[in-house]
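All residue numbers for the sequence shown refer to my numbering, where the first residue is 396 and numbers rise by one.
Comments concern the structure below.
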Amino acid sequence: MTTTMPPDVAENLIAFRAALAAVVPPKHPADLLIATWNLRALGDLTAKWHAEPGDTPKRDWYSLACIAAVVACFDVIAVQEVRRNTTALQFLLELLGDDWRVVVSDVTEGGPGNGERLTFLYDSTRVQPSGLVGEIVLPAQVEGPAEQFARTPYAASFVRGSAEFTLTTVHVIWGADPTARLPEITAFAEWMRAWADRTDRWNQNLLVLGDFNLDRIGDPLFEAFVSTGLWPPTELNDIPRTVFDNDTSRHFYDQIAWFSDPDGKSLLTSLTYTLRAGSFDFLPHLLGSLTRTEVSWRISDHFPLWVEFQLAP
Numbered sequence: 396m397t398t399t400m401p402p403d404v405a406e407n408l409i410a411f412r413a414a415l416a417a418v419v420p421p422k423h424p425a426d427l428l429i430a431t432w433n434l435r436a437l438g439d440l441t442a443k444w445h446a447e448p449g450d451t452p453k454r455d456w457y458s459l460a461c462i463a464a465v466v467a468c469f470d471v472i473a474v475q476e477v478r479r480n481t482t483a484l485q486f487l488l489e490l491l492g493d494d495w496r497v498v499v500s501d502v503t504e505g506g507p508g509n510g511e512r513l514t515f516l517y518d519s520t521r522v523q524p525s526g527l528v529g530e531i532v533l534p535a536q537v538e539g540p541a542e543q544f545a546r547t548p549y550a551a552s553f554v555r556g557s558a559e560f561t562l563t564t565v566h567v568i569w570g571a572d573p574t575a576r577l578p579e580i581t582a583f584a585e586w587m588r589a590w591a592d593r594t595d596r597w598n599q600n601l602l603v604l605g606d607f608n609l610d611r612i613g614d615p616l617f618e619a620f621v622s623t624g625l626w627p628p629t630e631l632n633d634i635p636r637t638v639f640d641n642d643t644s645r646h647f648y649d650q651i652a653w654f655s656d657p658d659g660k661s662l663l664t665s666l667t668y669t670l671r672a673g674s675f676d677f678l679p680h681l682l683g684s685l686t687r688t689e690v691s692w693r694i695s696d697h698f699p700l701w702v703e704f705q706l707a708p
């Protein structure tokens with residue numbers, strides 16, 4: 396940090412962290428906390444604690460401090476919508492401190508790529524990379540090259556205690572016509588299933604997480620997502636994903652899932668799901684004078700989503 400945090404920001408952050416602690420479990424030696432968060436257009440940053448009406452972008456140091464408070468709750472978090480400009484990402488790492496590291500993809504070029512990177516932030520005192528980093532590229536077909544993902548999915552493996560696990564994050568293309576998302580979701584689910592069925596290294600404890608732009612449970616998009624055995628925890632079924640969700644408009648965009656067998660038994664090893672998972676609705680706890688849209692450009696239009704695992708002894 397190159398400037399002193401104002402007293403009002405420090406006071407607000409204390410209350411904000413207390414609200415987080417009431418929702419997200421604390422870190423323990425025998426657990427693992429994994430999260431995902433679409434951080435709307437995380438690119439440039441206004442270099443002051445409070446952005447003023449004429450400032451662009453609206454995301455300021457205070458907003459990043461709130462984001463850092465959320466990220467710090469977890470061992471590793473997948474972040475979508477990090478942009479080509481990494482000013483805000485670098486400042487976020489500075490706020491998190493020296494123990495935090497980042498693994499980040501290059502930008503997927505082209506219009507559908509939207510100048511976005513896929514990113515993992517991790518607490519190096521709790522998890523370490525175990526070697527694998529890669530992007531999912533669909534193989535060519537007999538008739539020619541396959542159409543690739545709009546934003547190339549990104550995978551990285553980590554280890555904590557006795558558990559090695561691989562996270563693959565994705566931001567499925569959005570469109571007004573939901574059927575346009577179906578090919579990407581189907582291709583991703585099929586690719587992950589084929590990966591899980593291999594006998595090679597780095598195919599155990601596969602988890603997928605990110606923004607899949609799923610509309611609702613039971614529709615063709617959600618059915619394609621779970622068709623190959625991916626299991627999203629039921630504890631995440633009824634919680635809002637975005638700041639714009641309400642009782643009549645509920646989406647299932649963001650997901651965390653892993654594979655189960657035909658009887659519903661988890662295929663994870665050395666990791667036991669604790670039945671604790673959720674999101675964090677930050678709206679009641681900050682920037683109360685702003686509209687939801689205004690908050691979405693400072694923090695995000697999505698809520699963070701998390702799950703907790705227990706490590707095998």
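Note that CB positions come from ideal geometry on N, CA and C, so glycine has one too.
As the structure is a prediction and not an experimental result, all values here were calculated from the model.
Proximity winner among the options, relative to residue i (alpha-carbon distances)
i, options, result
"ASN632", "THR686, TRP701, ASP450", "TRP701"
"PHE639", "ASP614, LEU678, SER655", "LEU678"
"ALA582", "GLY556, PRO548, GLY613, TRP597", "PRO548"
"THR623", "PRO657, THR594, LEU440, ALA425", "PRO657"
"LEU408", "ILE580, ARG687, HIS680", "HIS680"
"LEU601", "PHE607, ASN608, ARG593", "ARG593"
"PHE411", "TRP444, THR520, TYR457", "TYR457"
"LEU625", "PHE647, LEU662, PHE515, ARG687", "LEU662"
"ARG512", "LEU484, ASP595, ASP455", "LEU484"
"LEU616", "ALA584, ALA417, VAL554, ALA591", "ALA584"
"GLY659", "ILE651, ALA672, PRO627, THR688", "PRO627"
"VAL522", "PRO401, VAL471, VAL621, THR503", "VAL471"
"HIS646", "GLY449, ASN608, ILE531, PRO420", "ASN608"
"ALA425", "GLU579, ASP614, ASP572, ARG555", "ARG555"
"ARG596", "GLU542, THR574, VAL528", "VAL528"
"CYS468", "CYS461, VAL419, TRP444, HIS423", "VAL419"
"ALA770", "ASP518, THR514, VAL465, ALA545", "One cannot answer for residue 770 here, as it falls past the ends of the chain, which runs 396 to 708."
"ARG478", "ASN509, GLU630, PRO421", "ASN509"
"TYR668", "THR629, ASN598, ASP676", "THR629"
"PRO421", "THR686, ALA672, ILE694", "ALA672"
First and last residue of the uninterrupted alpha helix (DSSP H) at residue i
i, result
"ARG588", "577-592"
"ASN407", "402-416"
"ALA551", "Taken as a continuous stretch (DSSP letters only), ALA551 belongs to no alpha helix (DSSP H), being part of the beta strand (DSSP E) at 549-555."
"PHE544", "Segment: none, PHE544 is in no alpha helix (DSSP H) and carries neither H nor E."
"VAL419", "Per DSSP, VAL419 belongs to no alpha helix (DSSP H) and is neither H nor E."
"GLN485", "482-491"
"TRP456", "456-466"
"LEU616", "615-621"
Range covered by the beta strand (DSSP E) that runs through residue i
i, result
"GLN705", "700-706"
"PRO524", "523-530"
"TRP692", "Not the beta strand (DSSP E): TRP692 falls in the alpha helix (DSSP H), residues 687-693."
"GLY515", "It is worth fixing the name first, because residue 515 is Phe in this sequence and not Gly. Taken as a continuous stretch (DSSP letters only), the beta strand (DSSP E) holding PHE515 covers 511-518."
"TRP495", "495-499"
"GLU476", "471-478"
"ASN632", "Per DSSP, ASN632 belongs to no beta strand (DSSP E) and is neither H nor E."
"ALA652", "649-654"
Residues near residue i by beta carbon distance below 8 Å, same chain, minus five either side
i, result
"ALA463", "LEU487, LEU490, LEU491"
"VAL452", "In the sequence on display, residue 452 carries Pro and not Val. Excluding positions up to five away in sequence, the list reads ALA436, GLY438, ASP439, LEU440, THR441, ALA446, TRP692."
"GLU530", "SER500, THR547, PRO548, TYR549, ALA550"
"THR574", "PRO615"
"MET396", "Per-residue confidence for MET396 stands at a pLDDT of 48, beneath the threshold of 50, marking its modelled position as unreliable; no derived number is given."
"PRO578", "GLU542"
Residue i classed as buried or exposed, judged by whether at least 16 other C-beta atoms fall within 10 angstroms
i, result
"LEU459", "buried"
"LEU589", "The question names Leu, but residue 589 in the sequence shown is Ala. Exposed, by the Cβ-count rule."
"LEU437", "buried"
"ASP494", "exposed"
"LEU670", "exposed"
"HIS566", "buried"
"ASP455", "buried"
"ALA619", "buried"
"ARG576", "buried"
"THR520", "exposed"
"ALA405", "exposed"
"PRO401", "exposed"
"THR514", "buried"
"ALA545", "buried"
"ASP572", "exposed"
CB-CB length for residue i against residue j, believed under 8 Å
i, j, result
"ALA551", "LEU562", "6 Å"
"THR482", "LEU440", "5 Å"
"LEU427", "PHE704", "4 Å"
"ARG611", "PHE698", "ARG611 to PHE698, Cβ: 17 Å. No contact."
"SER684", "ILE634", "About 26 Å separates the two Cβ atoms, so there is no contact after all."
"ALA473", "THR503", "At roughly 16 Å, the Cβ-Cβ gap does not stay under 8 Å, so ALA473 and THR503 are not in contact."
"LEU604", "THR564", "6 Å"
Chain-order list of residues whose beta-carbon lies under 6 Å from that of residue i (same chain, five-residue window excluded)
i, result
"GLU559", "SER525"
"SER665", "SER557, ALA558, ALA707"
"ASP696", "ARG435, THR637, VAL638"
"ASP606", "ASN433, GLN475, HIS566, TYR648, ASP649"
"TRP569", "ASN608"
Chain-order list of residues whose beta-carbon lies under 7 Å from that of residue i (same chain, five-residue window excluded)
i, result
"VAL690", "VAL638, LEU678, LEU682"
"ASP450", "THR441"
Contact test: residue i Cβ vs the ligand HEM heavy atom, cutoff 8 Å
i, result
"ALA460", "Absent from the structure shown: the ligand HEM. Ligands present: none."
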